[in-house]
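Be aware that the sequence shown starts at 1019, since it is given in my numbering, and climbs by one per residue. No residue lacks a Cβ here, since even glycine has one placed at the ideal position from N, Cα and C. Written below as structure tokens is the structure these notes are about.
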Amino acid sequence: MFLALLLFAVHLVLNLYGTSVVTAAAFDAARLRAGGGGETVSEGEAELQVLELLDGYRSGGRLELSWSYPDTDGDGAADVVALRVVAEHPTDLLARVDFPFQRVDRTVTVRVERLR
């Protein structure tokens, strides 16, 4: 019983770590796309950085990225960069058991940098 509890606790900790890494990589990509470093990068370049950071999620369709550019003030120009990341943690431990924390679904929004 103790080993099962220990296995569950270790699995939970690793998934929480993976969730924070996925969220951080998504935020970095959205920040780069919004021009946080002084210049904007293309979606492809930002996605390439996410794939470099999340190399383990790359195989098997475990990572999906979708971009959107909402207009929040009604002037017709995008004000926010929103990146939605859906990722399945790349663990093969207990592959037949579906844990509720195996799937990460995060939407990160960053304001677009503009000179006023």
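With contacts defined by Cβ atoms closer than 8 Å, Ala1100 and Thr1127 form a contacting pair.
At the C-beta level, Ala1043 and Leu1071 come within 8 Å of one another.
In the three-state DSSP reduction, Val1040 falls in the helix class (H, G or I). Taking every protein chain shown into account, the CB of Val1028 has fewer than 16 other CB atoms within 10 angstroms, so this residue is exposed.
Per DSSP, Leu1071 lies in no beta strand (DSSP E); the unbroken alpha helix (DSSP H) holding it starts and ends at Glu1061 to Leu1071. Val1031 counts as exposed, since fewer than 16 other beta carbons sit within 10 angstroms of its beta carbon.
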